[in-house]
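Okay, structure first, notes after.
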Amino acid sequence: MTEKIIIAGSGGQGIMLLGKVLAESAMEEGKFVTWLPAYGAEVRGGTAHCMVVISDDEIGSPYIDRADTLIIMNKPSLNRFSPRLNKGGIMIVNSSLADPKESSLNIKKYPFTDMAIKLGNIKVANMIALGFYLNNRKTVKVKSVLKVMEKMATEGREDLIKINQEALDAGVKLKDG
Amino acid sequence: MDKIYAHPKSLRNIQTHYCPGCGHGIAHRIIAEIVDELGIRERVIAVAPVGCAVIAYDYWDFDCSEAAHGRALAVATAIKRVRPENIVFTYQGDGDLAAIGTNETIHAANRGENLTVVFINNAVYGMTGGQMAPTTLLNQKTATTVKGREAGIHGYPLKISEMLALLPGVKYIERVSLHSPQEIIKTKKAIKQAFSNQIEGIGFSLVEVLSPCPTYWGMQPKEALDWIKEVMVKKFPLGRIK
Amino acid sequence: MSGNEAIAEGAIRAGCCFYAGYPITPQNELIGYMSVHMPENKRIFIQAESEIAAINMVFGASAAGSRAMTSSSSPGISLKQEGISYIAGAQLPAVIVNIMRAGPGLGNIWPAQSDYFQATRGGGNGEYRCIVLAPSSVQESFDMMFSAFNLADKYRNPVIVLGDGMLGQMMEPVWLPVAGCRLPVAVKKPWALTGCKEREQNIVKSFYMHEGDLEKFNLLLQKKYAQIMDSEQRYEEIDTKDAKIILVAYGSMARIAKSAVKSLRAKGIKTGLIRPITLWPFPVKAFQQANRQTGEQANYLSIEMSYGQMVEDVRLAVCGKARVEFLGRSGGGVPTEEEIIKKVNSIK
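Here you go:
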């Protein structure tokens with residue numbers, strides 16, 4: 000099994016973090032994994048994306064031409080990456096900030112940003128999206144993600160772990176969009 | 000009978016490759032005497048420049064490194080950081096320190112590296128055949144300013160010591176000259192101060208030495224000394240700058 | 000851990016005591032990591048005023064006996080060439096990391112392998128060689144730093160670790176040996192500048208003024224290079240024994256080539272891979288062996304993120320005994336697995 004995921008949005012939406020949490024969870028489970036960020040001048044314009052490949056086998060390219068999953072958190076990312084979805088792949092869209100014109104079975108949308116505001120922290124939209132992704136693709140176990148979150152949190156910020164875990168949980172519980 | 004004079008241990012007793020009337024020989028000797036007097040021969044590490052003094056290590060009898068043209072202070076920075084217990088100095092000409100190596104000079108000074116710099120200013124490029132130096136005076140004729148240096152075309156003589164004095168990392172700067180025995184004594188005192196500063200951990204110390212180049216000034220050795228005294232010191236005034 | 004961080008951590012554990020560098024994308028995580036962890040381990044870190052200053056600081060630190068390194072990316076490495084030439088000429092050990100980006104000029108920040116010639120042929124003035132190591136995973140980036148410093152010390156020669164933006168930026172799991180082994184390695188360096196206590200003067204220099212001296216010295220260098228060529232060729236080979244087509248790729252390009260070999264084998268196409276780990280010395284032995292095993296029946300395909308640089312070494316290595324094809328992209332583009340498969344199909 001090899002799963003290629005592109006995560007894209009704007010700076011400040013926790014795009015890199017979403018990818019890192021997913022990648023580290025895969026590492027936690029002993030899988031092969033690569034995480035490749037967009038870097039340099041490209042991330043200065045306010046957009047951000049990263050590419051995560053998770054596999055049971057050695058990984059060739061960390062760069063993803065055609066993705067099995069797209070997690071799209073804003074409109075510019077939708078325009079840029081939607082043509083790169085593999086046949087049979089899924090696209091998860093943050094409908095608070097992006098509105099895909101076409102509707103098809105493989106597009107699954109929820110207003111992650113609005114939901115995060117309701118939870119009390121706009122910044123956890125990324126974790127709701129991650130939870131929803133895990134609901135759709137069983138790439139890694141939710142248990143592993145929770146473990147990674149605890150490891151990554153800086154000391155004294157247990158409150159942050161709590162809200163991120165709540166957000167993840169909210170995402171996991173969403174019905175298949 | 001007391002021995003009141005001897006050849007410095009740190010200076011090899013061999014013939015140099017310098018031209019008659021050149022200031023490098025005097026400057027080399029002064030440094031060797033100071034190294035002996037301070038008893039630091041076994042601790043000192045010199046960084047030689049690219050230029051006429053490129054083989055200074057053949058004359059000094061202590062550890063020496065070469066450096067690419069202009070990079071002596073980058074090399075010296077690293078040596079001193081790796082070996083803070085050693086006494087590290089650079090010996091650089093005007094082209095090395097104030098043209099191709101200006102960046103390294105300013106930043107080593109600005110970091111306040113605890114180094115000693117002996118800066119030989121003879122207002123000309125000696126090794127390559129007498130071309131204009133950053134310190135060449137206005138109207139001074141050189142191989143690349145055959146009608147004399149013109150401010151509008153070639154810029155002004157660069158007073159890098161005064162520039163460096165502005166930096167908080169710099170602790171001591173003095174300009175001295177080799178044009179007379181009295182001035183040579185002052186030169187030795189200033190360079191000794193710059194070494195003592197390093198030993199005491201005071202910080203970046205630089206001595207600018209006005210030095211004769213009769214060959215490329217097109218003068219007799221005596222004339223060259225007079226030219227320093229009458230012309231060069233007017234643009235590069237002697238004394239403590241910082 | 001990213002490739003850049005793995006290189007930095009590997010260097011620290013391999014006993015690197017001195018680092019000087021200047022920021023440039025895509026290797027900023029390397030200098031960033033060093034700025035924190037070198038001082039933490041009581042090592043020296045200097046953010047230099049330029050690439051030129053940084054490489055000359057490495058010259059000085061190495062002359063003073065320290066294990067020293069610098070890192071940069073392509074345009075910055077161009078600036079360091081003068082210093083590398085001096086280091087080679089003064090026979091100083093040093094490690095230089097180049098996380099390549101696309102050029103020429105400012106180019107862009109995307110991965111490329113277009114500095115192959117510069118790294119393997121010398122790069123600066125005069126005739127000299129750097130040992131060039133090319134890791135292809137984050138783990139190997141970490142591990143290779145030990146070899147890099149050891150080879151540099153063993154031969155008193157600059158060693159270039161040649162990665163690219165993809166390798167530097169990507170994160171992969173890395174297995175680190177038990178912590179606590181971050182001790183500087185003691186290597187005897189009787190030539191180092193330490194102050195001439197109880198010994199003759201030491202001089203570190205690349206300048207030989209008297210007639211005949213430089214020629215003598217250069218012959219000495221050539222002898223050293225011949226010895227390195229003989230004993231330090233490193234490579235990985237996969238499925239070459241019965242291969243009809245042997246792919247040749249290094250660094251991150253080799254990962255993609257490896258995937259292509261697997262896919263092609265699954266379709267019954269007998270494909271193999273030679274992955275040079277040392278780019279200089281180029282692993283000629285791998286090609287001689289493959290030629291022997293395949294009875295000179297295999298063709299080669301050099302795959303690069305450049306427009307045909309390593310392919311010249313492949314041609315020299317096979318010595319006209321096999322067909323050598325080329326596939327390459329540069330300027331930020333990376334040949335994909337599909338492109339490789341298509342090319343292989345067009346050859347067979």
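Chains as they are written, first to last, in numbering that gives the first Met the number 0: chain A, 0 to 176; chain B, 0 to 241; chain C, 0 to 347. Glycine residues also receive a C-beta, built at the ideal position from the N, C-alpha and C atoms. Predicted, not measured: the structure shown is a model, and the values here were computed from it.
Residues of the stretch 38-50 of chain C whose Cβ lies closer than 9 Å to any Cβ of chain B, in chain order: Ile43, Ile45, Ala47, Glu48, Ser49. Along the stretch 195-221 of chain C, the positions whose C-beta sits under 7 Å from a C-beta of chain B are Cys195, Lys196, Gln200, Asn201, Ile202, Val203, Lys204, Ser205, Phe206, Met208, read in chain order. Against Ala60 of chain C, the close residues of chain B are Ala77, Ile78, Arg80, Val81, in the order they occur along the chain (beta-carbon pairs closer than 8 Å). Per the Cβ contact rule, the stretch 239-254 of chain C is not in contact with the stretch 201-208 of chain C (fewer than 3 Cβ pairs under 8 Å).
With its beta carbon less than 7 Å from one in chain B, Glu81 of chain C belongs to the interface. Taking 7 Å as the cut-off, the beta carbon of Ala53 of chain C is found closer than this to the beta carbon of Gly20 of chain C. Against Thr335 of chain C, the close residues of chain A are Ser60, Asp64, in the order they occur along the chain (beta-carbon pairs closer than 8 Å).
Taking 7 Å as the cut-off, the beta carbon of Ser301 of chain C is found no closer than this to the beta carbon of Val283 of chain C. Taking Gln308 of chain C as the centre and dropping the five residues before and after it, the same chain places the C-beta of Tyr115, Phe116 closer than 6 Å to its C-beta, in chain order.
Around the beta carbon of Trp226 of chain B, 16 or more other beta carbons sit within 10 angstroms, so the residue counts as buried. Along the stretch 146-193 of chain C, the alpha helix (DSSP H) occurs as fully enclosed runs of 4 or more residues at 164-168, listed in sequence order. Contacts with chain A at 7 Å (Cβ-Cβ) do not include Ile6 of chain C.
Taking CB atoms only, Asp35 of chain B has no neighbour in chain C less than 7 Å away. If only uninterrupted alpha helix (DSSP H) runs of at least 4 residues are considered, those enclosed by the stretch 67-155 of chain B are 71-81, 101-109, 150-153. Within its own chain, the residues whose Cβ lies closer than 7 Å to the Cβ of Gly88 of chain C, once the five positions on either side in sequence are excluded, are Gly125, Tyr127, Ser205, listed in chain order.
Comparing alpha-carbon positions, the option among C:Phe325, C:Lys257, C:Lys243, C:Ile237 lying closest to Ala285 of chain C turns out to be C:Ile237.
Between the alpha carbons of Ser143 of chain A and Asn134 of chain A lies a distance of about 14 Å. Counting only runs of 4+ residues, the alpha helix (DSSP H) found wholly inside the stretch 26-74 of chain C occupies 27-39, 50-62, in chain order.
Within chain B, the residues Ala77, Arg80, Val81 have their CB atoms less than 8 Å from the CB of Phe17 of chain C, given in chain order.
C:Gly31 is the residue among C:Ile23, C:Pro22, C:Gly31, C:Tyr18 whose C-alpha sits nearest the C-alpha of Glu4 of chain C. Separation of the CB atoms of Val94 of chain C and Val160 of chain C is rounded to 7 Å, and the pair is thereby assigned contact status at 8 Å. Chain A has no Cβ within less than 7 Å of the Cβ of Met0 of chain C.
Within the same chain, Cβ atoms closer than 7 Å to the Cβ of Met126 of chain A are found at Asn163, Ala166, Leu167, Gly170, the five residues on either side in sequence being excluded.
Under the Cβ criterion of 7 Å, Cys21 of chain B is not counted among the residues facing chain C. Contact between the stretch 35-55 of chain B and the stretch 83-97 of chain B is present: 3 or more CB-CB pairs across the two stretches fall below 8 Å.
A check of alpha carbon separations from Lys233 of chain B across B:Ala193, B:Glu222, B:Thr214, B:Leu136 identifies B:Leu136 as the nearest. Contact annotation: Ser54 of chain A and Phe31 of chain A have beta-carbon atoms nearer than 7 Å. Put simply, the CB of Pro82 of chain A is far from chain C, with every gap to its CB atoms at 7 Å or more. Within the stretch 73-99 of chain C, the residues whose Cβ lies closer than 8 Å to some Cβ of chain B are Glu81, Gly82, Tyr85, Ala89, listed in chain order.
Rounded to whole angstroms, Leu37 of chain B and Ala193 of chain B show a C-alpha spacing of 12 Å. Shown here, Ala10 of chain C sits in a helix according to DSSP, grouped into three states. One finds Phe206 in chain C with Cβ atoms closer than 7 Å to the Cβ of Val53 of chain B, taken in chain order. From the listed residues A:Lys172, A:Lys150, A:Cys49, the smallest Cα separation to Leu69 of chain A is found for A:Cys49. Each residue's CA atom was taken as its position, placing Ser251 of chain C and Gly327 of chain C some 13 Å apart.
In terms of Cα proximity to Ala7 of chain C, the closest of C:Ile23, C:Thr24, C:Val35 is C:Val35.
If you compare the alpha carbons of A:Ile4, A:Ile58, A:Lys3, A:Lys19 with that of Lys257 of chain C, the shortest gap goes to A:Ile58.
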